[in-house]
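> Can you read through this structure? Questions will come right after.
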Ligand SMILES: Nc1ncnc2c1ncn2[C@@H]1O[C@H](COP(=O)(O)OP(=O)(O)OP(=O)(O)O)[C@@H](O)[C@H]1O
Ligand SMILES: [Mg+2]
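Numbering (my numbering), first residue to last: 584 to 976.
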């Protein structure tokens, strides 16, 4: 099975890119499932079809689509854990209704779409799954819970504490309600599923994340951060799509200026996503919607390429901890050694390189681990920049 995950900032075109890819995959004879967990039912809007419902529904030959209702999934599978967490919060003097609200932690909604993939992969009914994933990042950290809690069965009560993110406030545990057999059983199952999901997501032959951005600063910055954090989690990113590009050459000054601005942003984005392949998608004359338009868009995006291929492999970011040092290696689109300058600005690194055509600037998002550290050394070798951070004492 191939799993392709589209992610990016709101409104950039994740849903349309996911739909277009899924249609092209189905036409290439892959048994394809398209999944979305957007509560706004955007798959229905994109395909311009009546409500899809919460069971896989056939859109075209070889293409089924599924809309996930996170609350329903939660009710179906995890009420025991959720109520236990709510009980813990309640025991701390928090109003019961609010306790339920708090127990539903950030990223849980996305987690349910990921767990759905784990469920689907076990059925072996699909060759390709395309996931339209709203906000990125938060859900990915749950993938590491099995590792955090330790090997399954060793420390049964760990997960609830981890889930809460405030394990320490539950001390001393003796004065709090102990989890029932049911909660423990549920925890075990969830851990096993997360473990399996982790294996699926980390397997670069199976999973690829694809970034969707527009030619503007905000969505490009967002995609860069997603790129860095996916690398940190060990998940392969194989493509960046710059969507909604205005055509150049308009006689209207207003449009011409926008198009010129976008050209600059596109070049900047390409330098920043290096060495990922980048696809440019035009802004259509009308809203991109309906099966015919989505099919055409899929054709323009991939041409003769198979969207199921892994389009890029290789770590753009690499992190290694050596005692009090953190070594970060990042690919940059420069090869000239002399005259480069690296500066750190809070959670970003700015790399300035003097080239024949003037200065080029690249900014690289930094992981949270560098927060208490300072930049000690930087070295540029070929297209690889190595930066050493050391602990501030
Ligand atoms: N290249 C394009 N040309 C014209 N319209 C487009 C293009 N790409 C996307 N759109 C339109 O932009 C809107 C947003 O697209 P889409 O819903 O795919 O974005 P999204 O990233 O999924 O948004 P959200 O974050 O809300 O889920 C839709 O109306 C869509 O039809
Ligand atoms: Mg969407």
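For each residue, glycine too, the CB sits at the ideal point set by N, CA and C.
Using a Cβ distance threshold of 8 Å, determine whether the region 600-613 contacts the region 831-839, with at least three qualifying pairs required.
No, they do not touch.
> Throw me the rounded Cβ distance for the residue 710 and residue 585 pair, which I believe falls under 8 Å.
About 7 Å; that satisfies the 8 Å criterion.
> Quick check for students: name the residue ranges of the alpha helix (DSSP H) that lie wholly in the region 783-829, counting only runs of 4 or more.
As far as the region 783-829 is concerned, its whole alpha helix (DSSP H) runs of at least 4 residues are 800-816.
> Quick one: residues in its chain with C-beta nearer than 8 Å to the C-beta of residue 736, no 5 flanking neighbours on either side, listed in chain order?
Here residue 736 scores only 45 on pLDDT, less than 50, and its place in the model should not be relied on; the value that follows carries that caveat. Excluding positions up to five away in sequence, the list reads 771.
> Using the C-alpha atoms, what's the distance from residue 682 back to residue 654?
In a straight line, the C-alpha of residue 654 is about 16 Å away from that of residue 682.
> When DSSP labels each residue in this structure, what does residue 864 get in the three-state scheme?
Residue 864 falls in the strand class under three-state DSSP.
> Counting pairs of Cβ atoms below 8 Å between the region 589-606 and the region 805-820, do you hit three or more?
Enough Cβ pairs lie closer than 8 Å, so yes.
> Under the DSSP definition of a beta bridge, which residues are partnered with residue 659?
Paired residue(s): none; residue 659 is not in a bridge.
> Is the beta carbon of residue 621 within less than 6 Å of some heavy atom of ligand 2?
Indeed, a heavy atom of ligand 2 lies less than 6 Å from the Cβ.
> Can you check whether the CB of residue 818 is closer than 7 Å to the CB of residue 782?
Not a contact, by the Cβ cut-off of 7 Å.
> Taking all protein chains shown into account, decide if residue 824 is buried (16 or more other Cβ within 10 angstroms of its Cβ) or exposed.
Result: buried.
> Got a sec: does ligand 1 put a non-hydrogen atom nearer than 6 Å to the Cβ of residue 867?
At least one heavy atom of ligand 1 is nearer than 6 Å to the Cβ of residue 867, so yes.
> Just to confirm before moving on: does the CB-CB distance between residue 603 and residue 897 stay below 7 Å?
Taking 7 Å as the Cβ cut-off, residue 603 and residue 897 do not qualify as a contacting pair.
> For the 8 Å Cβ check, are there 3 or more pairs between the region 943-951 and the region 901-919?
Because the criterion of three Cβ pairs below 8 Å is met, the region 943-951 and the region 901-919 touch.
> Is there contact here, the region 688-708 with the region 613-632, by at least three beta-carbon pairs under 8 Å?
Yes, the region 688-708 touches the region 613-632.
> Return yes when the Cβ of residue 826 is within less than 7 Å of the Cβ of residue 795, no when it is not.
The answer is yes: Cβ separation under 7 Å.
> When DSSP labels each residue in this structure, what does residue 847 get in the three-state scheme?
If DSSP states are grouped into helix, strand and coil, residue 847 belongs with the helices.
> Any contact between the region 847-860 and the region 616-632? By contact I mean 3 or more CB pairs, one from each, below 8 Å.
With the cut-off at 8 Å, the region 847-860 and the region 616-632 do not touch.
> Give me the Cα-Cα distance between residue 637 and residue 651, rounded to the nearest whole angstrom.
Cα-Cα distance, rounded: 6 Å.
> According to DSSP, simplified to helix, strand and coil, what is residue 910?
Of the three classes helix, strand and coil, the one that applies to residue 910 here is strand, per DSSP.
> In terms of alpha-carbon separation, which member of 820, 941, 974 and 662 lies closest to residue 953?
Comparing Cα-Cα distances from residue 953 to each of 820, 941, 974 and 662, the minimum goes to 974.
> Grouping DSSP H, G and I as helix and E and B as strand, with all else coil, what is residue 958?
Strand.
> Out of curiosity, what's the CA-to-CA distance linking residue 902 and residue 911?
Cα to Cα, residue 902 sits roughly 5 Å from residue 911.
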